[in-house]
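**Q** Residue numbers (this note's numbering), protein chains in the order written: chain A, 3 to 329; chain B, 33 to 534. We treat Cβ as the ideally placed atom computed from N, Cα and C, and that holds for glycine. Computed from a prediction, not measured in an experiment: that's the story for all the values here.
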Amino acid sequence: MVLAKRKSGLALSRDNRWRLRKFVADFGVYIALAILLLVAAVLTPKLFAVETIAVVMRQAAQLGIVAIGQTMVLLVAGLDLSVGGIFIMTSVVVAEVGNGRNEMIVPAILTALALGALVGLGNGLLVTKRRVPPFVATLGMLVLVKGATQAYTRGVPGGFVPEALGIVNQSWFVLSVPLALWLGLNAIFIFVLRGTSYGRRVYAVGSNIEAARLSGISVDAIRISVYVLGSLFAVVSGVVLTGYVLYVDRFIGSGLDLDSIAAAVVGGTAFIGGRGGLLGTIAGVLIIQILSTMVVLLGLDVEVQFIIKGLVILGAVTLYSVAATDA
Amino acid sequence: MSKPILEMRGISKSFAGVQALNKVSFRCQAGLVYGLVGENGAGKSTLMKILAGVYKADAGDIIYKGQPRLSASTGEVIASGISIIYQELALVPQMSVAENIFLGREPRTSLGLLDLGRLHARSDQLLSRLGVALDTRSLVSQLTIAQQQLVEIAKALSQAADLIVMDEPSAILAGSELDQLFDIIAALKAQGVTIIYISHRLEEVFRIADEVTVLKDGEVVDSRPIGQLDRHTLVRLMVGRSLDEIFPQTDHEQGDLALIADDIATDTILDGVSLRLHAGEILGIAGMVGSGRTELARALFGADPLTRGEVRLVGEAPHWKTPSQAIRAGVALVPEDRKSQGLFTALSVRINITIPILSRLSRLGIVRRAREERVVSDAQQRLSIVMTSPEQETQYLSGGNQQKVVLAKWLETAPAVIILDEPTRGVDVGAKFEIYKLMRQLNDRGIAIIMISSELPEIIGMSDRILVMNDGRVAGQLLREDADEERIIELATLGGAEAQSA
């Protein structure tokens with residue numbers, strides 16, 4: 003009886019293997035997040051204290067804002083490694099232009115956005131007009147931006163971050179300014195990707211660039227615009243981070259660049275483009291942030307964080323590639 | 033009757049809940065050629081992939097050389113003497129012919145080093161068994177597709193294959209190349225090799241097969257010696273429809289001049305082509321693969337920049353240089369390769385269909401969903417696209433339905449001129465018929481059609497006029513009344529001047 007039951011269960015699972023794959027591809031990341039929360043409830047119940055949640059969400063927002071841009075770049079089969087340089091540049095610009103004067107915050111941010119847009123434009127032009135592979139183009143841009151920033155500051159960043167930028171540390175219970183910003187930007191860009199013709203074109207270009215071109219889409223314009231957006235999101239994240247630490251640091255935001263790629267990939271956005279989206283990235287960001295926090299709460303070495311992160315990314319990529327294999 | 037070399041019994045297989053094969057039985061005697069025919073999605077390729085060890089059958093037995101085989105890896109299958117030559121050839125372009133034939137099994141000297149002498153000698157031997165002269169030292173990337181296919185066959189022989197499956201080998205061949213393939217098949221057969229030949233083209237099956245098995249919807253409809261079959265019966269077995277109904281006829285009148293191309297050339301092979309296209313007509317473009325047909329389509333659509341000449345609609349100045357401008361002018365191109373140029377396989381049917389008309393469907397950049405859904409459901413009904421929902425990803429549709437999605441997408445742009453590059457390639461006979469009917473309907477609405485095709489019956493059956501291309505130029509023009517396969521092949525292979533003097 004028991005045996006027969008088990009057998010039919012197996013047969014069913016074979017018939018439904020394809021459905022299961024699709025399910026994993028579509029919902030795997032949310033299930034993983036739910037399981038992680040259950041594990042956390044047992045191992046590190048402190049994670050659910052209001053103060054901890056507030057910290058986790060603030061950090062998630064920090065990462066999440068860059069990850070929005072990174073996800074969009076990945077959707078057009080691109081990659082943006084230059085965001086790390088943009089954090090440093092943003093922090094230096096805010097300090098130099100702002101130089102302790104609160105009334106200069108807006109001009110400082112606008113300057114950073116303009117420079118960021120230029121970096122994105124550079125990335126986009128290299129990738130489209132010069133056909134440089136995105137990895138190489140944005141890596142080169144990363145080194146260029148970092149180098150230019152250091153040359154400008156001669157290694158010792160000057161100026162002061164205006165005090166009033168500390169406004170980003172305001173919060174209402176768990177809802178901090180960065181979190182609100184993250185949620186708001188997500189709402190806007192989820193709509194842009196799903197409901198506007200621009201969003202459709204982004205997916206189309208990522209899914210099949212030649213078909214997109216033959217469908218009358220200006221594929222270069224779409225790709226360049228996405229790289230510019232990616233850089234702008236990095237500037238916004240950089241401003242938030244600068245407001246948080248309130249000083250200039252040439253290592254600011256290190257790790258956020260690779261984490262933003264990891265979050266998008268864990269969230270189901272494919273390196274080959276055209277597949278995935280921002281909801282998955284939100285879950286990916288939360289998974290990465292919660293894992294990092296759990297490592298701290300468990301009193302483990304920070305190095306363990308990297309090992310766990312690495313395993314999670316490899317696990318996710320393996321799972322998606324298995325799910326994508328037809329047979 | 034002697035014992036069969038291969039017997040597949042009661043093979044069943046389902047994907048994603050869809051029954052791809054249902055209790056299929058198939059047997060081969062050694063040294064004969066078996067034709068395996070059926071519409072796309074009938075299960076031919078699935079059956080062969082089960083034989084190859086790529087898929088595992090849900091049920092059924094395979095008995096090969098008297099040994100039952102439950103499941104085997106692709107490597108074990110090859111070692112047992114079964115070779116499968118897929119449409120997409122699996123060669124390393126940067127390596128030589130000989131290196132490809134013995135890839136992974138290179139003859140070695142006693143010191144374990146590559147034995148180049150034996151490598152080339154044995155490759156030569158295999159190629160001469162096929163009766164072809166090919167330098168074993170030339171790089172595969174420098175060979176024609178037909179020659180590459182020969183290398184694949186030689187590779188199969190080098191693995192001591194006594195059963196070779198050819199999956200639509202003719203899809204990439206033309207004219208004399210095909211004759212050569214048939215000669216080779218005959219030679220292999222004489223050497224006792226068993227061939228399973230999968231094809232859409234019935235003429236080929238009649239030329240070479242000893243026995244034909246027809247698959248339809250995952251089941252064997254019939255299996256008969258070729259002598260007991262004629263074209264009509266075979267088509268009826270495959271589709272349940274007879275041949276006369278395949279090319280729908282209308283007696284529409286030719287309209288006014290619609291599109292003019294004058295002496296156009298591009299950086300590709302295209303070298304000075306002029307053509308006139310009238311409203312409501314079908315202009316067929318024939319020619320060998322590589323004769324510049326596809327390049328002509330791309331040039332007319334603005335996908336490749338012109339280096340000289342001009343393309344324009346009658347009464348308008350030439351004004352498109354890019355596909356997006358061509359679309360706005362009222363020209364559409366259904367490209368040759370659906371998967372790589374026509375379709376967004378990872379995206380839904382809905383998104384695929386409305387991509388070129390997004391600006392019309394949106395206000396302030398926001399797509400009006402209700403209007404979009406109406407467009408999609410209208411298109412679905414008009415073209416009878418079979419899908420589970422408009423949200424279904426197009427990669428899960430059959431070839432015919434994928435092509436209908438691409439057609440639907442272009443019809444939404446309301447073109448005056450539509451260029452169809454191989455509109456029925458990889459499409460089953462049923463969907464083919466529907467596409468032909470649709471083309472006639474478009475003609476009746478005054479839309480001008482340029483149809484490029486490698487299938488001569490299709491060119492002759494559908495076109496009002498036929499342009500034959502050769503080496504980037506127009507080799508000749510035929511009216512439907514004067515066109516037959518021989519005239520077209522003559523022009524396509526000899527070129528205009530020679531053909532006329534001959």
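(1) Within 8 Å of any Cβ in chain A, is that where the Cβ of Ala378 of chain B sits?
(2) Can you name, in chain order, every residue of its own chain whose Cβ lies under 7 Å from the Cβ of Ala311 of chain B, other than the five neighbours on each side?
(3) To which residues of the same chain is Leu275 of chain B closer than 7 Å at the C-beta, ignoring the five residues directly before and after it?
(4) Could you list which residues in chain A have their beta carbon closer than 8 Å to that of Leu390 of chain B, in chain order?
(5) Using only the alpha-carbon positions, how far apart do Phe175 of chain A and Glu98 of chain A sit?
(6) For the stretch 80-156 of chain B, which segments carrying the beta strand (DSSP E) assignment without a break, of at least 3 residues, lie completely within its bounds, in sequence order?
(7) Whose C-beta lies closer than 7 Å to the C-beta of Tyr118 of chain B among residues of the same chain, with five residues either side of it excluded?
(8) Would Arg225 of chain A and Gly80 of chain A be called neighbours here (beta carbons separated by less than 8 Å)?
(9) Give me the Cα-Cα distance between Thr106 of chain B and Pro100 of chain B, rounded to the nearest whole angstrom.
(10) Whose CA, out of A:Phe273, A:Leu77, A:Glu165, A:Leu117, lies closest to the CA of Val228 of chain A?
(11) Rounded to the nearest angstrom, how far is the Cβ of Gly66 of chain A from that of Val287 of chain A, given a contact under 8 Å?
(12) For chain A, find out if any of its Cβ atoms is closer than 8 Å to the Cβ of Leu269 of chain B; answer yes or no.
(13) Who are the neighbours of Ile383 of chain B on chain A, taking C-beta pairs under 8 Å?
(14) Using the DSSP secondary-structure output, state which residues sit across from Pro388 of chain B in a beta bridge.
(15) In the DSSP assignment, what residue or residues form a beta bridge with Ser5 of chain B?
(16) By DSSP, does Ser173 of chain B sit in helix, in strand, or in coil?
(17) Between the beta-carbon of Ser486 of chain B and the beta-carbon of Val321 of chain B, is there less than 8 Å?
(18) Of all Cβ atoms in chain A, is any one closer than 8 Å to the Cβ of Ala24 of chain B?
(19) How many angstroms separate the CA atom of Ala361 of chain B from the CA atom of Thr176 of chain B?
(20) When the distance is taken between beta carbons, is Met91 of chain A closer than 8 Å to Val147 of chain A?
(21) Would you mind listing the beta strand (DSSP E) stretches within the stretch 440-514 of chain B that are 3+ residues and don't spill past its ends, in chain order?
(22) Using the beta-carbon count (16 or more within 10 Å), is Gln373 of chain B buried or exposed?
(23) Which residue wins for smallest C-alpha separation from Ala411 of chain B, given the options B:Gln434, B:Ile398, B:Val399?
(24) Run down chain A in chain order and give the residues with a C-beta less than 9 Å from the C-beta of Pro355 of chain B.
(25) Please state the DSSP three-state secondary structure of Gly30 of chain A.
(26) Kindly indicate which three-state DSSP category Asp222 of chain A falls into: helix, strand or coil?
(27) Can you check whether the CB of Pro280 of chain B is closer than 8 Å to the CB of Tyr20 of chain B?
(28) Using the Cα positions of Arg215 of chain A and Pro355 of chain B, report the straight-line distance between them to the nearest angstrom.
(29) Check the Cβ of Val399 of chain B against every Cβ in chain A and list those closer than 8 Å, keeping chain order.
(30) For Met494 of chain B, which option in B:Asp295, B:Gly316, B:Met270, B:Leu148 has the closest C-alpha, if you only look at C-alpha atoms?
(31) Report, in whole angstroms, the separation of the C-beta atoms of Ala192 of chain B and Gly113 of chain B, which I expect to be a contact under 8 Å.
(32) Which residue from B:Arg406, B:Asp303, B:Leu162 puts its Cα closest to that of Arg382 of chain B?
(33) Considering Tyr66 of chain B, what are the terminal residues of the beta strand (DSSP E) in which it resides?
(34) Along the chain, where does the beta strand (DSSP E) that runs through Met40 of chain B open and close?
(35) Skipping 5 residues on each side, what residues in its chain have a beta carbon closer than 7 Å to that of Leu177 of chain A?
(36) Does the beta carbon of Arg277 of chain A sit closer than 8 Å to a beta carbon anywhere in chain B?
**A** Concretely, from the data shown:
(1) Position 346 of the second sequence, counted from the start, is the residue given in the question as residue 378 of chain B. By this cut-off, Ala378 of chain B is an interface position.
(2) For the purposes of this step, residue 311 of chain B is identified with residue 279 of the second sequence, where counting begins at 1. Cβ neighbours of Ala311 of chain B beyond the five flanking positions: Gly287, Asp288, Ala290, Gly478, Ala480.
(3) To locate residue 275 of chain B, count along the second sequence from 1; it is residue 243. Because Leu275 of chain B carries a pLDDT of 49, less than 50, the predicted location of this residue cannot be relied on, and the following value inherits that uncertainty. Counting only Cβ-Cβ distances below 7 Å, and skipping sequence neighbours, we find Arg263, His264, Val267.
(4) Your numbering for residue 390 of chain B matches position 358 in the second sequence. Correct list: Ser199, Arg202, Arg203.
(5) Taking the first residue of the first sequence as position 1, residue 175 of chain A is located at position 173. Taking the first residue of the first sequence as position 1, residue 98 of chain A is located at position 96. Cα to Cα, the separation comes out at about 33 Å.
(6) 91-96, 99-101, 114-117
(7) For the purposes of this step, residue 118 of chain B is identified with residue 86 of the second sequence, where counting begins at 1. Here the set comprises Asp199.
(8) Reading the first sequence from its first residue, position 223 is the one you call residue 225 of chain A. Reading the first sequence from its first residue, position 78 is the one you call residue 80 of chain A. Yes, these two residues count as a Cβ contact at 8 Å.
(9) For this step, residue 106 of chain B is matched to residue 74 along the second sequence. For this step, residue 100 of chain B is matched to residue 68 along the second sequence. Going from the Cα of Thr106 of chain B to the Cα of Pro100 of chain B covers about 16 Å.
(10) To locate residue 228 of chain A, count along the first sequence from 1; it is residue 226. Among A:Phe273, A:Leu77, A:Glu165, A:Leu117, the Cα nearest to that of Val228 of chain A is on A:Leu77.
(11) On the first sequence, residue 66 of chain A is found 64 positions in, with the first residue counted as 1. On the first sequence, residue 287 of chain A is found 285 positions in, with the first residue counted as 1. The pair is a contact, with the Cβ atoms about 4 Å apart (cut-off 8 Å).
(12) Residue numbering aside, residue 269 of chain B sits at position 237 when the second sequence is read from its first letter. So no, Leu269 of chain B is outside the interface.
(13) Residue 383 of chain B sits at position 351 when you count from the first residue of the second sequence. Those are Arg202, Tyr205, Ala206, listed as they occur along chain A.
(14) In the second sequence, residue 388 of chain B corresponds to position 356, counting from 1. Per DSSP, none; premise fails for Pro388 of chain B.
(15) Outside the modelled stretch of chain B, which goes from 33 to 534, sits residue 5 of chain B, for which no answer is possible.
(16) Here the question's residue 173 of chain B lines up with position 141 in the second sequence. Helix.
(17) Indexing the second sequence from 1 puts residue 486 of chain B at position 454. Indexing the second sequence from 1 puts residue 321 of chain B at position 289. Yes.
(18) With chain B running from 33 to 534 in the structure shown, residue 24 of chain B is simply not present.
(19) Translated into positions along the second sequence, residue 361 of chain B becomes position 329. Translated into positions along the second sequence, residue 176 of chain B becomes position 144. Rounded to whole angstroms, Ala361 of chain B to Thr176 of chain B spans 37 Å at the Cα level.
(20) Along the first sequence, read from residue 1 onward, the residue named residue 147 of chain A stands at position 145. Along the first sequence, read from residue 1 onward, the residue named residue 91 of chain A stands at position 89. Yes, Cβ-Cβ distance for Val147 of chain A and Met91 of chain A is below 8 Å.
(21) 449-453, 480-484, 497-502, 505-511
(22) One-based indexing of the second sequence puts residue 373 of chain B at position 341. With 16 or more other Cβ atoms within 10 Å, it is buried.
(23) To locate residue 411 of chain B, count along the second sequence from 1; it is residue 379. With distances taken between Cα atoms, Ala411 of chain B lies closest to B:Gln434.
(24) Within the second sequence, numbered from 1, the residue matching residue 355 of chain B stands at position 323. Correct list: Arg215, Leu216, Ser217, Gly218, Ile219.
(25) For the purposes of this step, residue 30 of chain A is identified with residue 28 of the first sequence, where counting begins at 1. Gly30 of chain A: helix per DSSP, three-state reduction.
(26) Sequence index remark: in the first sequence, residue 222 of chain A carries index 220 (1-based). Reduced to three states, the DSSP call for Asp222 of chain A is helix.
(27) No statement about residue 20 of chain B is possible, as the shown extent of chain B runs from 33 to 534 and does not include it.
(28) As a first step, residue 215 of chain A is located in the first sequence; it is residue number 213 there, counting from the start. As a first step, residue 355 of chain B is located in the second sequence; it is residue number 323 there, counting from the start. Taking the straight line from one Cα to the other gives about 7 Å.
(29) Working through the second sequence from its first residue, we reach residue 399 of chain B at position 367. Here the neighbours are Gly197, Thr198, Ser199, Arg202.
(30) The count along the second sequence starts at 1 and reaches residue 494 of chain B at position 462. Among B:Asp295, B:Gly316, B:Met270, B:Leu148, the Cα nearest to that of Met494 of chain B belongs to B:Gly316.
(31) Here residue 192 of chain B refers to the residue found at position 160 of the second sequence. Here residue 113 of chain B refers to the residue found at position 81 of the second sequence. Contact holds; Cβ gap of about 6 Å.
(32) Mapped onto the second sequence, residue 382 of chain B falls at position 350. Of B:Arg406, B:Asp303, B:Leu162, the residue nearest in Cα terms is B:Arg406.
(33) Here residue 66 of chain B refers to the residue found at position 34 of the second sequence. Counting along the chain, the beta strand (DSSP E) containing Tyr66 of chain B begins and ends at 65-70.
(34) Here residue 40 of chain B refers to the residue found at position 8 when the second sequence is read from its first residue. Run containing Met40 of chain B: 38-47, per the beta strand (DSSP E) assignment.
(35) If you number the first sequence from 1, residue 177 of chain A lands on position 175. The answer is none, since no qualifying residue turns up.
(36) Counted from its first residue, the first sequence places residue 277 of chain A at position 275. With 8 Å as the cut-off, Arg277 of chain A counts as an interface residue toward chain B.
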